[in-house]
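**Q** In the order they appear, the protein sequences are chains A and B. The first sequence stops at residue 473 when you use the working numbering, and every number in between is there. The second sequence stops at residue 473 when you use the working numbering, and every number in between is there.
2 protein chains.
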Amino acid sequence: MISNKMQEIVAGNSMIRAMFEEGKRLAEIHGAENVYDFSLGNPNVPPPTQIIDAINNTLSSPDIHGYMNNSGFESTRTAIANSLNKRYSQSLTEKEIVMAVGAAGAINVILKSILNPNDEVIVFAPYFVEYKHYVANFDGKLVIVPPNPPSFLPDLDGLSSAINTNTKAVIINTPNNPTGVVYDSETLRQLGEVLSAKEKELGISICLISDEPYREIAYDNIDVPCVLNFYHNTFIAYSYSKSLSLPGERIGYICVNPSMVHKETVLSALNVATRILGFVNAPSLFQKVIEQLVDTEIDITFYKENRDILYNHFTSIGLECTYPAGAFYLFPKSPISDDKQFCQDAKKFNLLLVPGSGFGCPGYFRVSYCVSRNTVINSLDAFTQLMNTYKN
Amino acid sequence: MISNKMQEIVAGNSMIRAMFEEGKRLAEIHGAENVYDFSLGNPNVPPPTQIIDAINNTLSSPDIHGYMNNSGFESTRTAIANSLNKRYSQSLTEKEIVMAVGAAGAINVILKSILNPNDEVIVFAPYFVEYKHYVANFDGKLVIVPPNPPSFLPDLDGLSSAINTNTKAVIINTPNNPTGVVYDSETLRQLGEVLSAKEKELGISICLISDEPYREIAYDNIDVPCVLNFYHNTFIAYSYSKSLSLPGERIGYICVNPSMVHKETVLSALNVATRILGFVNAPSLFQKVIEQLVDTEIDITFYKENRDILYNHFTSIGLECTYPAGAFYLFPKSPISDDKQFCQDAKKFNLLLVPGSGFGCPGYFRVSYCVSRNTVINSLDAFTQLMNTYKN
Numbered sequence: 082m083i084s085n086k087m088q089e090i091v092a093g094n095s096m097i098r099a100m101f102e103e104g105k106r107l108a109e110i111h112g113a114e115n116v117y118d119f120s121l122g123n124p125n126v127p128p129p130t131q132i133i134d135a136i137n138n139t140l141s142s143p144d145i146h147g148y149m150n151n152s153g154f155e156s157t158r159t160a161i162a163n164s165l166n167k168r169y170s171q172s173l174t175e176k177e178i179v180m181a182v183g184a185a186g187a188i189n190v191i192l193k194s195i196l197n198p199n200d201e202v203i204v205f206a207p208y209f210v211e212y213k214h215y216v217a218n219f220d221g222k223l224v225i226v227p228p229n230p231p232s233f234l235p236d237l238d239g240l241s242s243a244i245n246t247n248t249k250a251v252i253i254n255t256p257n258n259p260t261g262v263v264y265d266s267e268t269l270r271q272l273g274e275v276l277s278a279k280e281k282e283l284g285i286s287i288c289l290i291s292d293e294p295y296r297e298i299a300y301d302n303i304d305v306p307c308v309l310n311f312y313h314n315t316f317i318a319y320s321y322s323k324s325l326s327l328p329g330e331r332i333g334y335i336c337v338n339p340s341m342v343h344k345e346t347v348l349s350a351l352n353v354a355t356r357i358l359g360f361v362n363a364p365s366l367f368q369k370v371i372e373q374l375v376d377t378e379i380d381i382t383f384y385k386e387n388r389d390i391l392y393n394h395f396t397s398i399g400l401e402c403t404y405p406a407g408a409f410y411l412f413p414k415s416p417i418s419d420d421k422q423f424c425q426d427a428k429k430f431n432l433l434l435v436p437g438s439g440f441g442c443p444g445y446f447r448v449s450y451c452v453s454r455n456t457v458i459n460s461l462d463a464f465t466q467l468m469n470t471y472k473n
Numbered sequence: 082m083i084s085n086k087m088q089e090i091v092a093g094n095s096m097i098r099a100m101f102e103e104g105k106r107l108a109e110i111h112g113a114e115n116v117y118d119f120s121l122g123n124p125n126v127p128p129p130t131q132i133i134d135a136i137n138n139t140l141s142s143p144d145i146h147g148y149m150n151n152s153g154f155e156s157t158r159t160a161i162a163n164s165l166n167k168r169y170s171q172s173l174t175e176k177e178i179v180m181a182v183g184a185a186g187a188i189n190v191i192l193k194s195i196l197n198p199n200d201e202v203i204v205f206a207p208y209f210v211e212y213k214h215y216v217a218n219f220d221g222k223l224v225i226v227p228p229n230p231p232s233f234l235p236d237l238d239g240l241s242s243a244i245n246t247n248t249k250a251v252i253i254n255t256p257n258n259p260t261g262v263v264y265d266s267e268t269l270r271q272l273g274e275v276l277s278a279k280e281k282e283l284g285i286s287i288c289l290i291s292d293e294p295y296r297e298i299a300y301d302n303i304d305v306p307c308v309l310n311f312y313h314n315t316f317i318a319y320s321y322s323k324s325l326s327l328p329g330e331r332i333g334y335i336c337v338n339p340s341m342v343h344k345e346t347v348l349s350a351l352n353v354a355t356r357i358l359g360f361v362n363a364p365s366l367f368q369k370v371i372e373q374l375v376d377t378e379i380d381i382t383f384y385k386e387n388r389d390i391l392y393n394h395f396t397s398i399g400l401e402c403t404y405p406a407g408a409f410y411l412f413p414k415s416p417i418s419d420d421k422q423f424c425q426d427a428k429k430f431n432l433l434l435v436p437g438s439g440f441g442c443p444g445y446f447r448v449s450y451c452v453s454r455n456t457v458i459n460s461l462d463a464f465t466q467l468m469n470t471y472k473n
């Protein structure tokens with residue numbers, strides 16, 4: 082019954098589900114509070130309380146549940162443009178904002194708009210595993226630039242070598258899932274230069290897609306630079322899933338750099354792609370909610386404290402780990418080269434971790450610390466015990 | 082910058098936008114109240130007041146905005162299964178329900194799950210114009226069975242001739258956009274027989290996709306039969322857009338016939354397709370809202386009265402029109418063979434209509450009567466004047 086492509090993907094997916102089922106099995110045996118599940122990126126900080134006010138303010142508006150332009154309510158897009166202008170000294174208008182069904186929806190709409198079959202899309206390992214599906218949805222080819230530890234900043238020589246006349250797009254994700262690394266201005270400037278130089282050299286247009294669901298999750302006042310400043314053909318794919326803890330509501334946007342070539346045509350394509358992929362529009366009530374919350378500052382202290390407790394413990398027990406400046410992930414080096422085996426071993430201590438292999442980066446593992454403080458505290462001894470099994 | 086496929090689609094879309102802009106231009110000249118816009122399928126009856134209560138009941142629940150299984154909250158899917166069981170004497174469980182981002186999302190998820198490139202998908206003209214994009218998204222081939230006026234029931238001989246070993250699916254839409262026709266049990270029984278016979282004859286599996294956003298919009302107590310009763314490999318694509326006037330919220334579901342072959346694999350594929358197409362899940366708050374409203378009966382008297390006023394007027398001025406038993410569309414025969422010219426002529430009387438050519442059915446035009454009563458009443462004279470121009 083199902084398509085050939087989907088048969089492969091469903092088979093792969095059943096392995097992930099097997100891991101999930103294993104977690105549930107462990108929770109049944111040991112009690113959920115004694116299983117330390119660091120496998121999911123589901124924010125556990127509640128949404129800001131302003132959400133409820135914003136919903137209540139909205140419910141009396143007429144046409145709040147109706148269709149609007151496929152790109153979204155003009156008022157919402159204007160509020161987002163103004164907020165970005167204020168924060169990042171941009172000159173955006175509502176025209177350059179297209180509301181999207183989360184960042185996943187945004188990236189699919191962008192790729193639908195730009196990819197011809199066999200066009201190449203470059204990602205930097207470790208990378209969010211769903212990118213390969215998003216690119217395959219439009220018969221594109223994923224090209225992976227190898228990991229660049231311990232900084233995990235993008236390997237720009239690797240990028241330069243990977244670009245050819247079939248290259249259509251490069252996806253970056255900063256703050257990064259799974260490493261937590263934030264790309265600095267100088268890195269982004271150099272990345273933009275590589276892309277601009279290659280555009281000229283090869284006579285092609287290359288799109289930079291900046292996947293930014295973690296933009297607001299950055300610690301210690303580190304600067305998360307606005308990618309629009311560094312390259313003309315840039316799309317931002319933003320989601321409120323992580324910053325406002327609304328992953329289930331599927332609300333985000335695409336921002337197109339005002340200096341993008343053929344910008345008007347690209348914006349028309351994004352509008353049409355939103356419709357024909359079946360999104361039609363981002364959910365209407367939450368567009369109006371977001372419109373009221375564009376400048377809401379959120380408290381990320383809880384995540385930062387989780388990070389500090391885990392990072393300090395990891396380094397104290399001999400785990401090598403790049404200090405993560407953002408997102409809610411740690412990406413330590415596995416003490417044995419086989420990261421899948423390591424994550425299997427971890428289960429014996431009720432620790433659920435994700436192998437780096439799943440992100441195109443074997444030899445590492447991901448720890449999602451968007452979990453309760455109790456889980457963090459109670460897990461520390463389990464990590465110590467796990468590490469002890471590798472000492473001889 | 083944009084893909085070759087999208088270049089064609091964007092060009093086509095700009096014609097539709099030109100029509101829309103023309104409507105705005107007319108409204109500016111004559112005043113919006115003097116322009117009779119029958120071009121859109123945006124419900125104008127407000128959502129039931131229970132929506133606000135359901136939202137308020139939901140806001141205090143924990144995890145309401147979080148991720149859940151990609152197929153949706155189990156409690157919502159159970160409520161929907163139980164409601165369908167009660168109304169249609171089925172034996173569905175939550176397993177056979179997959180929450181979707183409206184019917185458009187549902188159909189894309191189904192087609193992603195089942196289509197190989199060049200697989201054929203059969204539709205009956207007149208058909209909802211977006212089907213061709215949905216099928217093209219997965220490199221399928223749309224096969225159109227010609228219209229069957231004046232009943233506009235599916236031409237089953239035409240269907241039988243259209244099926245071959247490349248056939249993968251048939252899409253039906255009842256109550257129908259644009260004709261308003263409701264398929265009766267006998268028609269569905271025969272349709273199921275054709276599909277079952279062809280499956281055996283050709284040794285293939287054929288999916289029936291029943292697109293049912295108008296299921297609850299049916300008048301005069303006409304029976305809208307449950308399609309699951311007539312064919313095993315049936316998917317229902319449902320949306321609350323029209324029945325609860327929530328088109329902007331993007332909430333609906335897929336229902337899989339419990340007797341579908343390889344059902345478990347198909348359900349896994351739907352789950353994965355929901356994720357990788359970028360929907361991830363249907364919006365979470367509205368899943369919980371729908372859970373409370375599955376049995377809400379809605380008042381469609383307003384639409385019925387609009388239908389009666391327009392239908393009676395149309396027949397009185399000599400327009401031939403199939404009596405529509407459901408949805409909120411009339412699909413009269415154009416008094417001149419060129420339906421596009423007719424819709425151009427109509428604009429002179431401030432009437433905005435959609436040519437049947439847009440639905441694969443030249444010589445007819447669509448009138449969406451989900452508009453204010455004033456628009457209906459005030460338009461009658463304009464229709465009379467328009468028809469008078471064709472009398473000599």
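For every residue, glycine included, the Cβ atom is placed at its ideal position computed from N, Cα and C.
Buried or exposed: which applies to residue 178 of chain A, given that a residue is buried once 16 or more other Cβ atoms fall within 10 Å of its Cβ?
**A** Residue 178 of chain A should be labelled buried.
**Q** Output yes or no for whether 8 Å exceeds the beta carbon distance between residue 215 of chain A and residue 359 of chain B.
**A** Yes. Within cutoff.
**Q** Find the nearest neighbour of residue 266 of chain B within the set B/309, B/202, B/297, B/226, judged by alpha-carbon distance.
**A** Per the Cα distances, B/309.
**Q** Helix, strand or coil for residue 190 of chain A per DSSP?
**A** Of the three classes helix, strand and coil, the one that applies to residue 190 of chain A here is helix, per DSSP.
**Q** From the beta carbon of residue 268 of chain A, is the nearest beta carbon of chain B less than 8 Å away?
**A** Taking Cβ atoms only, chain B never reaches closer than 8 Å to residue 268 of chain A, which makes this a no.
**Q** Please name the residue in B/94, B/281, B/193, B/131 whose C-alpha comes closest to that of residue 85 of chain A.
**A** Out of B/94, B/281, B/193, B/131, B/193 has the C-alpha closest to the C-alpha of residue 85 of chain A.
**Q** By the 9 Å beta-carbon criterion, what residues does the segment 313-341 of chain A contribute toward chain B?
**A** The residues in question are 314, 322, 325, 326, 327, 328, 329, 330, 331, 332, 341.
**Q** What residues from the segment 103-118 of chain A come within 7 Å of chain B, judged by C-beta to C-beta, listed N to C?
**A** Per Cβ criterion, the list is empty.
**Q** Give a yes or no on whether the minimum CB-CB distance between residue 374 of chain B and chain A is below 8 Å.
**A** Chain A contact via Cβ: absent.
**Q** State the Cα-Cα distance for the pair residue 409 of chain A and residue 287 of chain B, rounded to the nearest angstrom.
**A** Going by the C-alpha atoms only, they are around 46 Å apart.
**Q** Tell me, which residues are paired with residue 424 of chain B by DSSP?
**A** Per DSSP, none; premise fails for residue 424 of chain B.
**Q** Taking a Cβ distance cut-off of 8 Å, strictly less, list which residues of the segment 157-180 of chain A are near chain B, in chain order.
**A** Answer in chain order: no residues at all.
**Q** Which residue's Cα is closest to the Cα of residue 237 of chain A: A/270, A/341, A/132?
**A** Residue A/270 is the option with its Cα nearest to residue 237 of chain A.
**Q** With 8 Å as the threshold, decide whether the Cβ of residue 410 of chain A is near any Cβ in chain B.
**A** Not one chain B Cβ lies under 8 Å of residue 410 of chain A.
**Q** By DSSP, does residue 217 of chain B sit in helix, in strand, or in coil?
**A** Note: residue 217 of chain B maps to helix in three-state DSSP.
**Q** Check each candidate in B/125, B/104, B/151 and name the one with the smallest Cα separation from residue 356 of chain B.
**A** When each option's Cα is compared against that of residue 356 of chain B, the closest is B/151.
**Q** Quick one: is residue 394 of chain A near chain B, going by C-beta distance under 8 Å?
**A** With 8 Å as the cut-off, residue 394 of chain A does not count as an interface residue toward chain B.
**Q** What residues from the segment 131-153 of chain B come within 9 Å of chain A, judged by C-beta to C-beta, listed N to C?
**A** Correct list: 132, 133, 136, 137, 140, 141, 143, 144, 145, 146, 147, 148, 149.
**Q** Using the beta-carbon of each residue, which ones in chain C are nearer than 9 Å to residue 245 of chain A?
**A** No chain C is part of this structure, whose protein chains are labelled A and B.
**Q** Excluding the 5 residues flanking residue 377 of chain A on each side, which residues of the same chain have their C-beta closer than 8 Å to its C-beta?
**A** Excluding residues within five positions, the ones whose Cβ falls inside 8 Å are 129, 131, 325.
**Q** Since residue 194 of chain A meets chain B, which of its residues come closer than 8 Å, beta carbon to beta carbon?
**A** Per Cβ cutoff of 8 Å: 83, 84, 87.
**Q** Where in the segment 266-321 of chain B do unbroken runs of the beta strand (DSSP E), each at least 3 residues long, occur, reported from the N-terminal end onward?
**A** Taking only runs of at least 3 residues, the beta strand (DSSP E) segments lying wholly in the segment 266-321 of chain B are 288-292, 315-320.
**Q** Look up residue 166 of chain B in the DSSP assignment and say whether it is helix, strand or coil.
**A** In the structure shown, residue 166 of chain B sits in a helix (DSSP, three-state: H, G or I).
**Q** Residues of the segment 279-309 of chain A with a CB closer than 8 Å to any CB of chain B: list them in chain order, please.
**A** Flagged, chain order: 286, 288.
**Q** Tell me whether the beta-carbon of residue 240 of chain A lies closer than 8 Å to the beta-carbon of residue 203 of chain A.
**A** In this structure, residue 203 of chain A lies closer than 8 Å to residue 240 of chain A by Cβ.
**Q** Going by beta carbon distance, what residues of the same chain come within less than 6 Å of residue 295 of chain A, once the five residues before and after it are set aside?
**A** Here the set comprises 256, 323, 407, 408.
**Q** Should the segment 450-469 of chain A be called in touch with the segment 389-409 of chain A, which here means at least 3 C-beta pairs below 8 Å?
**A** A contact exists between the segment 450-469 of chain A and the segment 389-409 of chain A.
**Q** Could you spell out the range, first to last residue, of the alpha helix (DSSP H) harbouring residue 468 of chain A?
**A** Residue 468 of chain A -> alpha helix (DSSP H) spans 454-469.
**Q** Please classify residue 113 of chain B as buried or exposed, where buried requires at least 16 neighbouring CB atoms within 10 angstroms.
**A** That one is exposed.
**Q** How far does the beta strand (DSSP E) with residue 254 of chain B in it reach, from first residue to last?
**A** Per DSSP, residue 254 of chain B belongs to the beta strand (DSSP E) from 248-254.
**Q** So which residues on chain B does residue 215 of chain A lean against when the C-beta distance must stay under 8 Å?
**A** In chain order: 357, 359.
**Q** Keeping to the same chain, check which residues put their C-beta closer than 6 Å to that of residue 120 of chain A; ignore five residues upstream and five downstream.
**A** Same-chain partners within the cutoff: 433, 435.
**Q** Note down, in chain order, every chain A residue with its Cβ under 8 Å from the Cβ of residue 206 of chain B.
**A** Chain A residues near residue 206 of chain B: none, gap ~19 Å exceeds 8 Å.
**Q** Using the beta-carbon of each residue, which ones in chain A are nearer than 8 Å to residue 276 of chain B?
**A** Result: empty, since nearest Cβ-Cβ is about 14 Å, beyond 8 Å.
**Q** Tell me whether the segment 130-148 of chain B and the segment 363-377 of chain B touch, counting them as touching only if at least three CB pairs, one residue from each stretch, are closer than 8 Å.
**A** Taking 8 Å as the limit for Cβ pairs, the verdict is that the segment 363-377 of chain B does touch the segment 130-148 of chain B.
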